[in-house]
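Student: In this note's numbering, the protein residues as written are 3 to 425. All C-beta atoms in this analysis are idealised placements derived from N, C-alpha and C, irrespective of residue type, glycine included. First the structure, then my questions, so here it is.
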Ligand SMILES: [Zn+2]
């Protein structure tokens with residue numbers, strides 16, 4: 003994909019009107035409006051520019067399972083609906099499902115996501131073609147079985163070798179599913195592998211009370227303490243959920259530089275829990291970002307909705323309206339997420355990656371517009387996104403994405419076939 007020079011004119015940024023120029027995949031200029039045209043023109047009048055949002059936890063191709071097994075507890079949902087269908091997923095299914103996810107994310111202003119799922123090369127193809135940025139993880143299970151563990155390890159190394167990182171928008175990571183589906187020995191192997199290759203590990207952890215009970219019964223301690231005993235807490239570890247952590251565990255996570263993705267929609271819908279300790283984590287120095295989780299548990303991939311849910315949930319369970327501001331969750335969904343991934347994105351500044359989203363403020367949710375971030379987080383949803391640029395390329399303009407109708411048609415066909423395998 004070639005890079006064009008893009009010149010966004012007269013766009014609002016943090017309360018003033020500016021021009022932005024991209025050069026290659028970076029932001030080259032941010033400042034006073036320029037006299038001359040300096041590249042592909044985008045009119046920013048009536049629009050506010052924000053950094054592309056960062057979805058820190060997703061299983062993109064689960065768009066295929068949207069609406070499948072709603073209103074069920076986590077384990078029942080996984081065992082009766084999700085896992086039986088996933089056994090029959092093909093490369094093609096995942097490709098189309100991931101492509102739909104990319105379109106849905108672009109439409110709602112996300113430019114970067116972290117993913118963990120089966121048939122990862124199919125997701126990589128979808129990311130490459132749609133122009134998004136992603137950290138793609140090889141999903142790993144061993145179910146405490148030695149031969150399954152060996153198969154998983156071989157797959158992690160093979161997919162790593164085969165992943166084409168040449169587009170510069172894809173990073174490789176490993177996603178052991180959870181401590182109740184992956185043995186301690188395999189987790190340690192993954193930790194060593196990740197350290198040797200300097201890649202991220204994402205792991206569902208401390209998601210439900212039943213997981214905590216499993217950990218206490220089988221390992222004699224709570225989930226974070228168990229990881230500590232295995233020696234695998236590190237800055238490379240990104241925990242998804244982290245709902246059940248006490249003060250001592252927070253201190254451990256902070257000491258080892260562990261990061262967390264908060265997925266409010268998934269936690270509420272699966273009734274996993276609600277008392278996510280967002281501000282305690284931040285105060286302890288733990289970096290917290292926001293994710294949607296897969297479409298089968300959050301039902302959409304709208305990060306603007308996810309920010310609102312994170313803020314409202316954080317206030318509600320503490321009965322404290324001051325605890326989690328719109329600005330705080332907006333930072334979590336942009337600059338904090340970028341820092342967790344070690345990427346120079348999530349900010350609008352010269353030298354940063356050109357991952358930019360134009361919000362159309364000519365609509366009810368932004369009227370009056372006393373406080374843009376408040377309106378974005380509390381009043382709007384993904385439909386306010388007008389234009390999306392990722393890595394210096396336009397992925398959507400005037401809410402139009404090429405090829406969308408075909409993707410919708412193909413996903414409907416794949417999903418219909420897969421539903422037959424649901425128990
Ligand atoms: Zn998940």
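Please confirm whether residue 57 and residue 112 have their CB atoms less than 7 Å apart.
Tutor: The answer is yes: Cβ separation under 7 Å.
Student: From residue 3 to residue 117, what does the alpha carbon distance come to, in whole angstroms?
Tutor: With a pLDDT of only 46 at residue 3, under the threshold of 50, the placement of this residue in the model should not be trusted, and no figure is reported.
Student: Can you name the start and end residues of the beta strand (DSSP E) that residue 398 belongs to?
Tutor: Where residue 398 is concerned, the enclosing beta strand (DSSP E) stretches over 395–398.
Student: Could you give the distance in angstroms between the alpha-carbon of residue 390 and the alpha-carbon of residue 383?
Tutor: Near 15 Å, if we compare the C-alpha coordinates of residue 383 and residue 390.
Student: If you draw a straight line from the alpha carbon of residue 94 to that of residue 124, how long is it in whole angstroms?
Tutor: Straight-line Cα distance between these residues: approximately 7 Å.
Student: Return yes when the C-beta of residue 21 is under 6 Å from any heavy atom of ligand 1, and no when it is not.
Tutor: The answer is no for residue 21.
Student: For the alpha helix (DSSP H) that residue 96 lies in, which residues bound it at each end?
Tutor: Where residue 96 is concerned, the enclosing alpha helix (DSSP H) stretches over 93–109.
Student: Give me the Cα-Cα distance between residue 388 and residue 358, rounded to the nearest whole angstrom.
Tutor: Going by the C-alpha atoms only, they are around 11 Å apart.
Student: Leaving out the 5 sequence neighbours to the left and right, which residues in its chain are closer than 8 Å to residue 33 when beta-carbon positions are compared?
Tutor: Contacts found: 20 and 21.
Student: Quick check: what's the CA-CA separation for residue 85 versus residue 29?
Tutor: Approximately 43 Å, taken between the alpha carbons.
Student: What's the C-alpha gap between residue 283 and residue 419?
Tutor: Their Cα atoms are separated by approximately 43 Å.
Student: Does DSSP put residue 3 in a helix, in a strand, or in coil?
Tutor: Below a pLDDT of 50, predicted positions are generally treated as unreliable, and residue 3, at 46, falls in that range; no measurement from the model is reported.
Student: So the candidates are 249, 207 and 216; which of them puts its Cα closest to the Cα of residue 239?
Tutor: When only C-alpha atoms are compared, the closest one is 207.
Student: For the beta strand (DSSP E) containing residue 31, list its first residue and its last residue.
Tutor: 28–33 is the extent of the beta strand (DSSP E) around residue 31.
Student: In this structure, how does DSSP classify residue 174 when only helix, strand and coil are distinguished?
Tutor: Of the three classes helix, strand and coil, the one that applies to residue 174 here is strand, per DSSP.
Student: Given a cut-off of 7 Å on the beta-carbon distance, is the pair residue 105 and residue 413 in contact?
Tutor: Contact: no.
Student: Over the uninterrupted beta strand (DSSP E) stretch that includes residue 362, give me the two end residues.
Tutor: Where residue 362 is concerned, the enclosing beta strand (DSSP E) stretches over 358–362.
Student: Going along the chain, which unbroken runs of the alpha helix (DSSP H) with 4 or more residues stay wholly within the segment 232–264?
Tutor: Counting whole runs of 4 or more residues, the segment 232–264 contains the alpha helix (DSSP H) stretches 249–258.
Student: Measure from the alpha carbon of residue 336 to the alpha carbon of each residue in 263, 423, 189 and 324, then state which is nearest.
Tutor: Per the Cα distances, 263.
Student: Pick out whichever of 422, 177, 329 and 341 has its Cα sitting closest to the Cα of residue 377.
Tutor: Considering only alpha carbons, the answer is 329.
Student: Between residue 354 and residue 347, what straight-line distance do the alpha-carbon atoms span, to the nearest angstrom?
Tutor: In a straight line, the C-alpha of residue 354 is about 6 Å away from that of residue 347.
Student: Find out if the Cβ-Cβ distance for the pair residue 2, residue 139 is shorter than 7 Å.
Tutor: There is simply no residue 2 to check, as the chain begins at 3 and stops at 425 in what is shown.
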